[in-house]
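Structure record follows, encoded as C-alpha cells.
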Amino acid sequence: MKKYNIYIYATLVFIQLACQVAKKPLPKTNQQTSKKTTEDVFSLPTASTPVVNSPIVVEVKPEPVAITVGTSELKTADLKAAFENQISEDTLSPDAFLEQAINDQRILADAQKRGYDKTDSFKEEVEGYRSMLAESYLTDSTTIKQLLKETYSWLKEEVHAAHIMYQLSEFAEPSDTLAIYNKLIDIRNKALAGEDFAALAQQFSQDKKSNSIGGDLGWFRAMRFLYPLEKAAYTTPVGQVSMPVRTKGGFHLVKVIERRPYSGSVLVQHILKSVPPNTPESENLKAKAKIDSLYNLINKGEAFEDICRRYSDDTKYKNFGGYLPAFAIGSREEVSFEQAAFALQEGEVSKPVRTTAGWHIIKLSKKIPLESFEELSAKLKDKIVTDSRGDVVRENTLNNLKKQMKFVEDEEVLKKAFAAADTNILIKKWNYAINDELVGKTIFSIGSKKYPTKSFFDYAVDRQTFERIPAGYTPTMVMRSFYKKFVETTVKSYAEANLEELNPEFKVLMNEYSTSLLKMELLNDLVYEKSTSDTTGQRLFYEKNKEKYQMPERILATVIASKDAKTVYQVKEVFEKGKPYNLKRLYRTPLYYTKNLSDLTAEHKTTLVYILEIMRKNKGYVVEIGGHTDQHENDNTSAERLEKTKAFLIANGLSIERIIENDYGKTKPADKFDWAKNQRVTFAFYSTLKKDVEKIFNSKDPNSVTIEEGYFKRGENKFVDIAKWDVGTQSVAKEGQFADVIIEQVEPARYKTLRECRGQVLAEYQKYLEAQFKADLKNKYPVKLNDEEIQKAIGIKK
Numbered sequence: 201m202k203k204y205n206i207y208i209y210a211t212l213v214f215i216q217l218a219c220q221v222a223k224k225p226l227p228k229t230n231q232q233t234s235k236k237t238t239e240d241v242f243s244l245p246t247a248s249t250p251v252v253n254s255p256i257v258v259e260v261k262p263e264p265v266a267i268t269v270g271t272s273e274l275k276t277a278d279l280k281a282a283f284e285n286q287i288s289e290d291t292l293s294p295d296a297f298l299e300q301a302i303n304d305q306r307i308l309a310d311a312q313k314r315g316y317d318k319t320d321s322f323k324e325e326v327e328g329y330r331s332m333l334a335e336s337y338l339t340d341s342t343t344i345k346q347l348l349k350e351t352y353s354w355l356k357e358e359v360h361a362a363h364i365m366y367q368l369s370e371f372a373e374p375s376d377t378l379a380i381y382n383k384l385i386d387i388r389n390k391a392l393a394g395e396d397f398a399a400l401a402q403q404f405s406q407d408k409k410s411n412s413i414g415g416d417l418g419w420f421r422a423m424r425f426l427y428p429l430e431k432a433a434y435t436t437p438v439g440q441v442s443m444p445v446r447t448k449g450g451f452h453l454v455k456v457i458e459r460r461p462y463s464g465s466v467l468v469q470h471i472l473k474s475v476p477p478n479t480p481e482s483e484n485l486k487a488k489a490k491i492d493s494l495y496n497l498i499n500k501g502e503a504f505e506d507i508c509r510r511y512s513d514d515t516k517y518k519n520f521g522g523y524l525p526a527f528a529i530g531s532r533e534e535v536s537f538e539q540a541a542f543a544l545q546e547g548e549v550s551k552p553v554r555t556t557a558g559w560h561i562i563k564l565s566k567k568i569p570l571e572s573f574e575e576l577s578a579k580l581k582d583k584i585v586t587d588s589r590g591d592v593v594r595e596n597t598l599n600n601l602k603k604q605m606k607f608v609e610d611e612e613v614l615k616k617a618f619a620a621a622d623t624n625i626l627i628k629k630w631n632y633a634i635n636d637e638l639v640g641k642t643i644f645s646i647g648s649k650k651y652p653t654k655s656f657f658d659y660a661v662d663r664q665t666f667e668r669i670p671a672g673y674t675p676t677m678v679m680r681s682f683y684k685k686f687v688e689t690t691v692k693s694y695a696e697a698n699l700e701e702l703n704p705e706f707k708v709l710m711n712e713y714s715t716s717l718l719k720m721e722l723l724n725d726l727v728y729e730k731s732t733s734d735t736t737g738q739r740l741f742y743e744k745n746k747e748k749y750q751m752p753e754r755i756l757a758t759v760i761a762s763k764d765a766k767t768v769y770q771v772k773e774v775f776e777k778g779k780p781y782n783l784k785r786l787y788r789t790p791l792y793y794t795k796n797l798s799d800l801t802a803e804h805k806t807t808l809v810y811i812l813e814i815m816r817k818n819k820g821y822v823v824e825i826g827g828h829t830d831q832h833e834n835d836n837t838s839a840e841r842l843e844k845t846k847a848f849l850i851a852n853g854l855s856i857e858r859i860i861e862n863d864y865g866k867t868k869p870a871d872k873f874d875w876a877k878n879q880r881v882t883f884a885f886y887s888t889l890k891k892d893v894e895k896i897f898n899s900k901d902p903n904s905v906t907i908e909e910g911y912f913k914r915g916e917n918k919f920v921d922i923a924k925w926d927v928g929t930q931s932v933a934k935e936g937q938f939a940d941v942i943i944e945q946v947e948p949a950r951y952k953t954l955r956e957c958r959g960q961v962l963a964e965y966q967k968y969l970e971a972q973f974k975a976d977l978k979n980k981y982p983v984k985l986n987d988e989e990i991q992k993a994i995g996i997k998k
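Those letters in the sequence shown? Residues 201 to 998, per my numbering, in order.
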C-alpha cells in the first residue's frame with residue numbers, strides 16, 4: 201500500500217514539474233543576451249572566460265534566509281521561486297502560502313531527522329526521476345523546432361530529382377574524403393558546362409539502383425531519403441546541380457528536375473492476382489485473364505469488397521476489403537502502382553496494373569490532404585528524433601554540450617591513438633601496451649577533468665568484442681568510429697552527472713521533486729497509511745463522532761410515473777408477474793430447419809452470434825429459447841433443436857442462468873399451411889432489471905414512463921413525498937402525472953453503521969491524524985521568521 205501511494209504521488213509530481221519545464225522561463229546568467237528565448241528548454245549557462253593570472257579573492261556573501269525551522273533554513277530566493285510558481289497553479293493568498301511553506305519545512309525536517317532521505321528506495325526513486333528529467337535537458341529542442349518547421353514546409357511540395365553518388369564511409373581517411381569531394385566537383389563542373397546529367401550518372405554514379413536510369417530518384421517528398429540528400433533536393437533551384445553533400449553512405453550531387461505542390465496521400469483498395477518472379481509467361485497470361493474477368497465483374501456492378509474477399513491473393517488485406525495503409529508520392533517501391541493510384545478519382549476503379557508482385561485492380565477510396573502543422577507536429581517530432589534528422593539533433597546537442605563544458609581534445613594525441621590499432625582489431629583481438637607513453641597522455645579534457653588515452657583504449661578493447669565492423673574498414677576507420685561513440689557517451693555522462701551545476705532550472709526541479717517525495721513518504725507512513733490500516737483508531741473515531749453519521753428515515757420503493765395512468769397500470773402488471781420481466785420482445789428471425797433436422801447450419805450460427813451480442817450489451821437480459829416442430833415431424837425434434845441451440849450459446853460464453861428453455865413441440869404452429877415456418881427455434885427476451893422494462897415502453901413512445909427504484913429520503917422524489925409511508929402500493933398524482941409508489945420497506949432514522957459510512961470516516965480520520973501530526977511538528981520544530989526577507993519574497997510582513 202505504501203509503495204503504491206508513493207508511485208501515484210511521484211507520477212503526479214512528475215507531471216506537475218514537467219509542465220513547469222515547459223512553461224517557466226529559464227534563469228538568465230550575466231552572459232546571456234536579450235535574444236535568448238524562454239522556449240529553449242535546452243539551456244546551459246555560458247561559461248565565463250577563465251582568468252589566466254592570479255586568482256582574485258572575492259567575498260561571497262551568504263544567501264539571505266527567510267524562514268528557519270529547527271535547524272533547517274529556507275532561503276529567500278527559494279521562497280520567492282516557490283511563491284511565484286504557485287501563483288500560476290492555484291489561488292493561495294500570501295498568508296496561506298506562508299503557512300503552507302512553514303508546515304512543509306517542518307515535515308521535511310522531520311523526514312530528514314528520521315532518515316527517510318537515506319533509504320535505498322528513496323535514492324532509487326530520485327535517481328529514476330533524475331534520469332528521466334535529464335533526457336529533456338540533454339536534447340537540443342531548438343534544433344528540433346527548426347527541423348519541425350523546415351520539414352513541414354517541405355512536405356507541402358514534391359520534388360523530382362536525380363543524383364550521382366560516390367560511396368565513402370563517414371570514417372574514411374581525410375585524404376580519401378578530399379579526393380572524392382574533388383572528383384564530384386569535377387563532375388559538377390561538367391554538368392554546369394552543358395554535359396547531360398543523366399549520362400554522367402550512368403558513367404560515374406555508384407548507386408546501383410539508379411545509375412542505369414540516369415540517377416533518377418523519381419518524385420518524392422520530405423522524409424523519404426537521408427536528410428542531407430533531401431535538404432539538397434529542397435534547397436537547390438529547379439534545373440540546377442547542388443554542391444557535393446555528404447551522407448553516411450558517401451557523397452552526392454543532386455540535380456533538381458521539377459518541383460510541384462503536394463499531391464496529397466491516398467487511401468486505396470486493391471485486388472491482387474500474384475505472379476511470382478521468374479514465372480513462365482503462360483502463368484502470367486493466366487493471371488492476366490483472371491484479373492480481367494474480375495475487372496469485368498466489378499464493372500457489371502459486383503461489390504469490390506466481395507470480389508476482393510473471394511479472389512484476391514493478398515492474404516494480409518483481402519478480408520479488410522483490400523484496404524492498404526494510406527501512402528503519398530514516392531513512398532512505394534512500385535512506381536506503376538503509385539502512378540495508377542494517383543491518377544484515379546475518388547470511387548474510380550483502375551484497369552489491371554502490372555507490378556513485380558503481379559496484377560492489381562486499384563480502387564481509390566479517398567484523397568487525403570496535408571494535415572495542419574498542429575495536427576502533424578507530434579507525429580513529425582517522433583520521426584525527426586528517430587530518422588536521419590535525429591543525427592542532426594544529436595550532433596548539435598553534442599556540440600552545444602562541448603562548448604558549454606569546455607571540451608578540448610589534443611589533435612596530435614588523437615592521430616597517434618587512431619594509428620595505434622592494427623589488423624587485430626578487425627578480428628576482435630586488438631590490445632594495447634600498458635607501458636606505452638601514449639596511454640597516459642590526455643586525449644581530451646572536459647573543464648578541469650582530463651581523460652587519458654587509456655580510457656579510450658579500454659573502451660575500444662571492449663567495443664570490438666560486440667561491435668559489427670563493416671567490410672572494407674581499415675583499423676584506423678574502426679578507431680575513428682569507436683572514438684566518435686566514446687566522445688558522445690563521455691560528454692553526455694559528464695553533462696548528466698553535473699546538470700545541477702550546469703543548469704539552475706534543473707537543480708530547482710530536482711530539489712522540488714526530492715523534497716516532495718520525502719514529505720510524501722513521511723505523510724504516507726504517519727497519516728495516510730495509518731488512517732487505512734488502524735481499524736481500532738477508526739472505530740474509536742467513529743464512536744466519538746457518531747452524531748455526524750446519521751441515516752434519515754427512508755423507504756425502499758419503486759416509483760412508476762407517466763402522463764397516462766393506463767401506462768402506469770401496464771408497467772405495474774409486468775412487475776406483478778415477477779422476475780424475469782417479460783419484455784414482449786421477440787427476435788424477428790427464428791432459426792428455420794429442414795424437416796426432422798436439428799443440426800445448426802452456418803446461417804443459424806450467424807443468427808446466434810447476433811443473439812449473443814444482444815445479451816452482451818444488455819446485462820439484465822434473459823433469453824427464452826423455444827423449440828418447435830411441425831405436425832409432420834418427429835415429436836422429439838423440437839427438444840433436439842432447443843438443446844443444440846442452447847449448447848452453442850453456452851459454448852460461446854452465455855451463462856446457463858440467463859437462459860429459459862421451453863419445448864413447445866407442436867402446440868404453437870406459426871402457419872397452418874406453410875409447414876416450413878413451423879420447423880423452427882424462437883427467441884424471446886426477458887429481463888431482471890426494471891430499467892429494461894422502461895426502455896421497452898419508451899421505445900414505442902419516448903419519455904412515456906419513468907421507473908425509479910431504491911432507497912428514497914424525503915425531498916428526493918415528488919411522488920414519494922406525497923405518498924403515505926406504509927408498505928404497499930399507492931396511486932398518486934402531481935403536476936399532470938400519475939404514479940404508483942410501491943413501498944417494500946420503511947426504515948426509521950438511525951445511526952449509520954461503520955461499514956455504511958467507512959469512506960466518510962476514513963477521510964475525516966485522515967484529516968484528524970494530519971492535524972495531530974501538524975500540531976506535534978509545531979512543538980518539535982520552532983520557527984524563526986525574517987520579516988524583511990519574507991516581505992521581499994512574497995510581499996507580506998509578519
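Cβ atoms here follow ideal geometry from the backbone N, Cα and C, with glycine treated the same way.
Because the structure is a prediction, the values reported are computed rather than measured.
- Distance between Glu776 and Gln930, taken at the CA atoms: about 14 Å.
- Inside the segment 613-669, DSSP marks whole beta strand (DSSP E) runs of 3 or more residues at positions 642-646 and 649-652, from first to last along the chain.
- Taking C-beta atoms under 8 Å as the contact rule, Lys473 and Asp513 qualify, at a distance of about 6 Å.
- Here His363 carries a strand assignment [DSSP, helix/strand/coil].
- Within its own chain, the residues whose Cβ lies closer than 8 Å to the Cβ of Asn917, once the five positions on either side in sequence are excluded, are Val759 and Glu908, listed in chain order.
- Judged by beta-carbon spacing, Phe425 lies beyond the 8 Å limit of Ile380, meaning their Cβ atoms are not closer than that value.
- Taking Thr906 as reference, the option from Lys772, Thr674, Tyr366 and Tyr511 with the minimal CA-CA separation is Lys772.
- With three or more CB-CB distances shorter than 8 Å, the segment 526-541 counts as touching the segment 550-565.
- In the DSSP assignment, Glu370 falls outside any beta strand (DSSP E), carrying neither H nor E.
- For Tyr911, the uninterrupted beta strand (DSSP E) run begins and ends at Val905 to Lys913, by DSSP.
- Beyond the five residues adjoining it in sequence on each side, Asn898 comes within less than 7 Å, by CB distance, of Ser904 and Val905 in the same chain, given in chain order.
- Straight-line measurement puts the Cα of Leu497 at about 16 Å from the Cα of Val553.
- Looking at the DSSP output, Ala939 sits in a beta bridge with Ala761 and Val932.
- Partner residues in the beta bridge of Pro461, as assigned by DSSP, are Glu357.
- Excluding the 5 residues flanking it on each side, Leu355 has same chain C-beta neighbours closer than 7 Å at Arg421, Ala422, Tyr462 and Leu570, in chain order.
- Partner residues in the beta bridge of Trp559, as assigned by DSSP, are Lys473 and Arg554.
- In this structure, Ser405 is the residue among Thr806, Ser405, Asp492 and Gly315 with its C-alpha nearest to the C-alpha of Lys383.
- Distance from the CA of Val585 to the CA of Thr597, rounded to the nearest whole angstrom, comes to 12 Å.
- By the 16-neighbour rule on beta-carbons within 10 angstroms, Glu721 is buried.
- For a cut-off of 8 Å, the C-beta gap from Leu338 to Lys606 is around 17 Å, too long to register as a contact.
- In the three-state reduction of the DSSP assignment, Ser412 falls in the helix class, which pools H, G and I.
- Within the segment 473-554, the complete alpha helix (DSSP H) runs of at least 4 residues fall at 481-499, 504-511 and 535-542.
- If the five residues before and after Gly936 are omitted, its C-beta is found closer than 8 Å to the C-beta atoms of Lys763, all from its own chain and listed in chain order.
- Annotation: Pro480 to Tyr517 spans about 26 Å, alpha carbon to alpha carbon.
- The alpha carbon of Tyr523 has as its nearest neighbour, out of Lys566, Ser482 and Ala557, the alpha carbon of Lys566.
- A distance below 8 Å separates the beta carbons of Pro294 and Ile994.
- Within the model, the alpha-carbon separation for Asp492 versus Thr801 is close to 35 Å.
- A Cβ-Cβ distance of about 18 Å is found for the pair Tyr673 and Phe657, leaving them out of contact under the 8 Å criterion.
- For Phe666, the number of other beta carbons within 10 angstroms of its own is below 16, and it is reported as exposed.
- Under the 8 Å Cβ criterion, the segment 341-359 does not count as touching the segment 743-758, having fewer than three qualifying pairs.
- DSSP lists Gly827 as the bridge partner or partners of Asp863.
- Around the beta carbon of Arg306, 16 or more other beta carbons sit within 10 angstroms, so the residue counts as buried.
- Boundaries of the beta strand (DSSP E) harbouring Lys275: Ser272 to Lys275, taken from the DSSP string.
- Residue environment analysis places Thr447 among the buried positions, since at least 16 neighbouring C-beta atoms fall within 10 angstroms of its C-beta.
- For Ile267, the uninterrupted beta strand (DSSP E) segment begins and ends at Val265 to Val269.
- In terms of CA proximity to Pro752, Thr953 leads the group Thr888, Thr343, Thr953 and Tyr769.
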